Amino acid sequence: MRGGIAGLLAPLAAVYDEWKRLLKLAGLRDGRLHDARHTAATVLLILGVAERAVMGIMGWSNSAMAARYQHLTAQVRRDIAQRVGGLLWDNPTEDRKPAS
1 MRGGIAGLLA PLAAVYDEWK RLLKLAGLRD GRLHDARHTA ATVLLILGVA ERAVMGIMGW
61 SNSAMAARYQ HLTAQVRRDI AQRVGGLLWD NPTEDRKPAS
């Protein structure tokens, strides 16, 4: 059994090669495996998964990691604006008519 750094390099190289192969096979642009963590965290944000659950899934010990990995997409911003609008007005999409 290999130990130390040398023992890790061969498996890491195999993971890297497999990641690159899968990206090409799927027709996706080249990217780092680490980028997939950002994507996964952002998808969980879009799905509205509770922060505590996201922390458990992603292996984070503090919520500061969410700020680092989760990205506010246009869709997330739009959803937030609609939810706030729903709290402020009865029907935020309905045109306001002046009282007669």
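The numbering of the sequence shown is the UniProt record's numbering, which starts it at 1 and goes up by one. Glycine included, every Cβ here is placed at the ideal spot set by N, Cα and C. As the structure is a computational prediction, the values presented were derived from the model and not from experiment.
Check                                                                                                                                       : Outcome
For His71, tell me which candidate among Ser63, Ala26, Thr42, Leu28 has the shortest Cα-Cα distance.                                        : Thr42
Given Arg21, which residues of its chain have a CB within under 7 Å of its CB, disregarding the five upstream and five downstream residues? : none
Could you give the distance in angstroms between the alpha-carbon of Met58 and the alpha-carbon of Leu47?                                   : 15 Å
Using the three-state DSSP reduction, which class does His38 fall into: helix, strand or coil?                                              : helix
DSSP on Val49, reduced to helix/strand/coil?                                                                                                : coil
I need the boundaries of the alpha helix (DSSP H) containing residue 113, first residue and last residue.                                   : Residue 113 lies beyond the range of the chain shown here (1 to 100); nothing can be said about it.
Where do the ends of the alpha helix (DSSP H) carrying Leu68 lie?                                                                           : Reading off the sequence, residue 68 comes out as Arg, not Leu. Element bounds for Arg68: 64–69.
Between Trp19, Glu51, Gln82, Ala40, which lies nearest to Arg32 when the distance is taken from Cα to Cα?                                   : Trp19
Round the Cβ separation of His38 and Tyr16 to the nearest angstrom and send it over; I've been treating them as touching at under 8 Å.      : Rounded, the Cβ-Cβ distance is 17 Å, inconsistent with contact.
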